[in-house]
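K.L.:
Have a look at this one before I ask anything.
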Amino acid sequence: MMVKSADSKGGKQAKESITISFRASAVGEKLKPLMIWKLKTQRCFKGKVISKLGIHWKSNRKAWMTAATFEEWLTDFDQKMAKEGRNILLTLENTTCHKHQTV
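If you use our numbering, the sequence shown corresponds to residues 9 to 111, in order.
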């Protein structure tokens, strides 16, 4: 999702971006969404525990899903499925953050 705002310095159009990853199973089981934004903590979340908001919050300079963020999520997800004794088929879109290494 990309939001365009008013002109910034130098006449260029300012851009704010946020990455949101929704995950669900074929039977409708939903996992917490993964949100990636530029700031580690958003002002509106001041005084709140982000882990209790029902989202996984990550941050980086461009608000992109990086290979490191994806690998961290995938490792956590794999451990959760192994703990529950579940076998899954994971379908991914071919994007630049996924294709650089075999996970």
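No residue lacks a Cβ here, since even glycine has one placed at the ideal position from N, Cα and C.
(1) My output table needs one value for residue 73: the three-state DSSP class, helix, strand or coil.
(2) Any idea what DSSP makes of residue 58, helix, strand or coil?
(3) In the structure shown, what three-state DSSP assignment does residue 39 receive?
(4) Does DSSP put residue 32 in a helix, in a strand, or in coil?
(5) Which of the three DSSP states is assigned to residue 91 in this structure?
(6) Tell me the DSSP secondary structure of residue 83 in three-state form.
(7) State buried or exposed for residue 89, treating a residue as buried only when at least 16 other CB atoms are found within 10 Å of its CB.
(8) For the beta strand (DSSP E) that contains residue 48, what are its first and last residues?
P.N.:
The structure says:
(1) Locating residue 73 in the sequence shown gives position 65, counting from the first residue. Residue 73: coil per DSSP, three-state reduction.
(2) For this step, residue 58 is matched to residue 50 along the sequence shown. The answer is helix: DSSP assigns residue 58 an H, G or I state.
(3) Working through the sequence shown from its first residue, we reach residue 39 at position 31. Coil, per DSSP.
(4) For this step, residue 32 is matched to residue 24 along the sequence shown. If DSSP states are grouped into helix, strand and coil, residue 32 belongs with the strands.
(5) Here residue 91 corresponds to residue number 83 of the sequence shown, with the count starting at 1. In this structure, residue 91 counts as helix in the three-state DSSP scheme.
(6) Walking along the sequence shown from the start, residue 83 turns up at place 75. In this structure, residue 83 counts as helix in the three-state DSSP scheme.
(7) Numbered from 1 along the sequence shown, position 81 holds the residue referred to as residue 89. So residue 89 counts as exposed.
(8) Looking up residue 48 in the sequence shown gives position 40. Where residue 48 is concerned, there is no enclosing beta strand (DSSP E), given that its DSSP letter is neither H nor E.
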